[in-house]
Structures are given as C-alpha cells and as structure tokens.
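Written below as structure tokens is the structure these notes are about.
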Amino acid sequence: MQAKFLFACTISFSDGYLCMTSAQRIALNTIATYARSIFSAALGLFSMRWVLGALGQSDFGLFSVVGSIITFIVFLNGVMAGSAARHFAYSIGEGDTEKVNHWFNAALSIHMILPILLILIGWPIGEYCINNVLRIPPDRIATSLWVFRISLISAFFSMVTIPFSAMFTAKQHITTLAFWGTLQSILSFSFAFLLTRMSGDRLLLYAIGTVAITILMQVGLSAQAMIVFRECRIRRAQWFDVERFKKILSFAVWNFIGSFGAILRNQGSSILLNIFFGPKVNAAFGIANTVSSQAMTLSGAMTGAISPEITASEGRGDRKHMLDIALRMCKFSTLLVMLFAIPLVAEIDYVLKLWLHDVPQYAGTLCQLMLIMFLIDQLTVGYMSAVNAQGKIAAYQATLGSILVLTLPLAWLFLKAGFPPTGVGFAFVINIFFVSLGRVYWGRHLLGMPVQKWLNQVVLPCAIAGVISTVAAVVPLWWFSSSFTRFILVIAASVIATILAGWFIALNASERLFLARNATHMKERFGLKFVNPS
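Quick note: the sequence shown uses the numbering used here, first residue 881, plus one each step.
Structure below.
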C-alpha cells in the first residue's frame, strides 16, 4: 500500500511538472538544484576531513594527482554530454519526438565506441606518467597504478551513460538529476566515514569505493531514463547515422578545444605543482579543487536549470527570449555564488581549521583565489549557454580554448620566477578575466548582445551588491577575534546584505515580479496535499 502511495505521489508530481510553464520549470529546477548543491557541498566538504585524516596529506595528494591523469582521459565526457544535450534540446524545441529519439540513438552508438578507444589510448599513457613523470614515493607506485586502473573503469561507465543523463538535462528534468546527485553525495559521505574505520591500504580502498558508488548511480539514472522517456528507446537501426555523427562530433570537436583548455588549466597545474613541490602541495591544491568543484556545482544550479530552456528557445526561433534569459542567467548565477563565496573568502582560514584541523600550507589562499575566479566567471556564464544554443561555436571555442591554454605557461612562469604555489591561483584569476572578455566579444559578434546592456544590467548591479556584501562581511572581522561566533556573524551579515542588495539594487522591477510570480505559482502548483490512495 505504501508503494502505491509513493507511486501516486511520483505520478502527481510528474503531471504537475509537465503542466508548468517554462519560467516555472526554471524556477523549480533552480531551487531543486541549488538545494541539492548546498546539501551535497556540505556533505562533500565535511567528509573530506575524514578522507584527509584517513589517507594523510601524502596519499591524499597522490589521489589528486593520479586523478588528474584520469581527467585528461575522460575530459571528453563533458564535451560529448553538452553536444548530445544541445541537439536533444534543440529537437525538443522543434516539437519532434521521433527526431529526438533518432538523435539519442546516434549519440548512444558514439558513446559505445568512444570509451573503448579512449581507454586503449589512455591506459599506456597514464601508466607511463605514473612510472616516469610524476614524483611518487617508490613504495606507492604500485598502489597508484591500481588507483589509475580502477578509475578507468569509472571513466568507461561515465561515457557510456552520457546520452541518458543528457536526456534528463534536455527535457529539463533537473529535479531528477538533483535526486540522483543527492543520493550519490549521501553514499559518498557514508563511505568516507567508513573509510576511517577500515584497515589495509586506504588509498586503494578509497578509489574502489568511490568508483563503485559512481557506477551504481550512473546505472540507476540510465535505467530510469529508459523507463521514463520514450525518446530513450534503443533502436539499433538508427545507430551509426553518418549525418548525425558528423553534427554531434563537429559540435563536440569545437567544444573540445575550450574543454581541453580548461582541463589543461586545472589538471596540468596539479601536475606542475607536483613537479615543482611534490605530493604534499598537491594536497593543498586538491583541497582548493574540492572547494572549487563544490562552487562549480552550486553555480551549475542556475546554468543547469536555465541552459536547456535557452537552447529550446533558440530551437523555436525565439532569439529575443533566448538572449533575455541568457542575461538573467549571468545576473542570477553571480548573485547565488555571492551568497556563499564572499563569507567563505572572508573566513577561509577558520573554515579550513574547523573542517580539516591539519590544514596543508597554502590551502587557504588557493581556495580564496579559486572562489574569486568563480565569481568573475559567473558574470558571463549566460553568454556561453547562448552561443552553444546558437550552434556556430568554432571561432568562439578556438578563441576561448586558446586563452585557457595560456593559464599553464603563465603558472609555469610564476613558479619558475620563484612564486609560491599560490602563483597558480593568481594565474587562474588573471586568465578567467580574459576568458570573460572573450565571451562578451563573441556574444556581441554572433548574437548581437549589446556590451552596454551587459554592463548596465549585469556587471554594475552585481558589483554594487558585491561591494555591499563584502563590507558587511568585513565589519565583524574588525570587531571580533577569530571564533565560531564571529564566523556566524560574518555569514549572517554577508548573506543578509547580498539578499537585500540583490533584491533592491541588482534586480530590476520586471525581475522581481518574475521571481514573485513564479514563487506564487510554485506554491499553488505543489502546495496541494497528496491523498493516500488506500
């Protein structure tokens, strides 16, 4: 009887979801994803304390740097997922279910072949790097090799299941992705706790557990997609469609350039730090990457919720609506990131001590620089989604990819000149500034998005809100010594200031009305009580 009740609730929610307008879906998706992101970030950051304690700084640094090799091999995951979701969403905007199913099967056949090729190429390259390039203690080389091999298994499953997760994104079922993401965070959190009580080689056990959880979630999500979406019906007759192959791969190849630049920036810097300073500094950079990945997840709450609607609007031929949503994404995403980034930057040393106890040197400054980088990045994140929706991305990705690649030589110059490891963080901040300018240029060139409109509607109001929030966060730092009380005061002052400044200064009248109306619609739509069918 209880199972029937849960099933009835699920059907009722799905019916309500399908009946919503695009604006209401965006609101629900953003709320669900942001709530999941905050919850997952809290679990992830807290569990990292257990992982660091269980592994120690050296093994934690090794896991980070070995993982960077895996990232080089599977960086195509995000590229291919974006390409598949873009073509799915565009066809959904055209209203052709059969066409969407055809695109799905074409994408699925690509993702059955590509991971095999990547593993065949990446396996020998990764093992060569571990044996000959990275600075790894001799007694940990064998374990590092097994960590690499186990991670390859996860890479394989990640690539095969991309078309299924991309369908959830394209259909704007972001709440379902939020559910699976939350479940994965809970399982990872539980495993981190168990790791502290395990005996044996904890580095190897951590790799096995992490990969097992990832595979379980991917298989579950794919199974649900096949049940829920007619577009995910597998039809072998539609596999290896040459024309669709060309379009998916062409879009992916140009996205590949930008993604490769980002991967080279992030993971190349990890290898660079390992070469200059050894695995203990990798622990500090690994913690900064953990914080930045959680920040990316939180900022992705807005972009993941809005990007499918941007692409669908372009598919319907509604360019004006698409551009309006893209500018709103820039503003809303920046304000959402401010809520946690500003107080965290202000109290990062206290947070790291509270979180980790044994804080690696340079971790605090690296975390601050990563958060500042994300704030700058969010000011133009809508341009990225708008250009991808329009589809002519060759010159755009070539420009941005080239700028991103320059991060690594800039970081190398800083370290070669005698800068501490934090020089890598400064290279990140400088680089993202020029990346943002590149997005604005191409948004104007390809889509006619006025620069002055972006400055007036996004940069200026967000800058004013940011200054007010920063001043509010700094005041308790002047008046109180470091303590939990001061930490709470900094958070409260900064969050309240960001909300008030965002509402009354950053948002215009139409945006306030947009949020108020959608909040009312959401309450009316889902405020009804479910009736137990028993």
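Every residue, glycine too, gets a C-beta built ideally from N, C-alpha and C.
- Annotation: L1074 to V1099 spans about 23 Å, alpha carbon to alpha carbon.
- For L1259, the CB contacts under 8 Å within the same chain, skipping 5 residues up- and downstream, are C1210, T1214, S1316, V1338, V1339 and C1342 in chain order.
- With fewer than 16 other Cβ atoms inside 10 Å of its own Cβ, F1384 counts as exposed.
- If you draw a straight line from the Cα of S1102 to the Cα of L1295, it is about 44 Å long.
- The Cβ atoms of L1084 and T1023 lie closer than 9 Å to each other.
- S1265 places its beta carbon 9 Å or farther from that of F1069.
- P1223 places its beta carbon less than 9 Å from that of I1371.
- The alpha-carbon separation between C1112 and K979 amounts to approximately 11 Å.
- Nearest to D1204 by alpha-carbon distance, out of G936, M1329 and I1376, is M1329.
- Excluding the 5 residues flanking it on each side, P1300 has same chain C-beta neighbours closer than 7 Å at Y1242, in chain order.
- Between N1154 and N1146, the CB-CB gap reaches or exceeds 9 Å.
- Counting along the chain, I1376 sits inside the alpha helix (DSSP H) bounded by residues F1364 to A1381.
- Inclusion of A1164 and P1240 in the CB contact set at 9 Å is warranted, their separation being smaller than that value.
- Counting C-beta pairs with one atom in each stretch, the stretch 1378-1395 and the stretch 1343-1350 have three or more that are closer than 8 Å, which means they touch.
- Contact between the stretch 1090-1097 and the stretch 1047-1066 is established, with three or more Cβ pairs separated by less than 8 Å.
- When the beta-carbon positions are compared, V1267 and W1322 come within less than 9 Å of each other.
- Sequence-distant Cβ neighbours of F1120 in its own chain, meaning closer than 7 Å and more than five residues away, are S989.
- For Q1248, the enclosing alpha helix (DSSP H) stretches over residues A1243 to Q1258.
- For the set T1076, V1320, R1124 and D1081, the Cα lying nearest the Cα of I1256 is the one of V1320.
- When secondary structure is reduced to three states using DSSP, W983 falls in the helix class.
- Distance from the CA atom of I1042 to the CA atom of N1311, rounded to whole angstroms, is 30 Å.
- Shown here, M1329 sits in coil according to DSSP, grouped into three states, outside any helix or strand.
- K1051 sits in coil when the DSSP states are folded into three classes, being neither helix nor strand.
- G1195 and V1040 have their alpha carbons spaced roughly 27 Å apart.
- Per DSSP, V1347 is one residue of the alpha helix (DSSP H) stretching across L1340 to W1359.
- The DSSP-derived three-state label of P1240 is coil.
- For the set I1093, F1048, G1166 and F919, the Cα lying nearest the Cα of F984 is the one of F1048.
- Non-local C-beta neighbours of F1313 in its own chain, meaning closer than 8 Å and more than five positions away in sequence, comprise I1256, ordered along the chain.
- The DSSP-derived three-state label of G1262 is helix.
- Counted as a single uninterrupted DSSP element, the alpha helix (DSSP H) harbouring V1217 occupies residues R1199 to A1226.
- Secondary structure note for A1275: its alpha helix (DSSP H) is the uninterrupted segment A1274 to V1285.
- Straight across, the Cα-Cα distance linking A1175 with A1307 is about 19 Å.
- Its chain contains G1141, A1142 and R1145 as the residues whose beta carbon lies nearer than 6 Å to that of L1284, once the 5 sequence neighbours on both sides are disregarded; these appear in chain order.
- Just so you know, the alpha carbons of G924 and T1056 end up roughly 20 Å apart.
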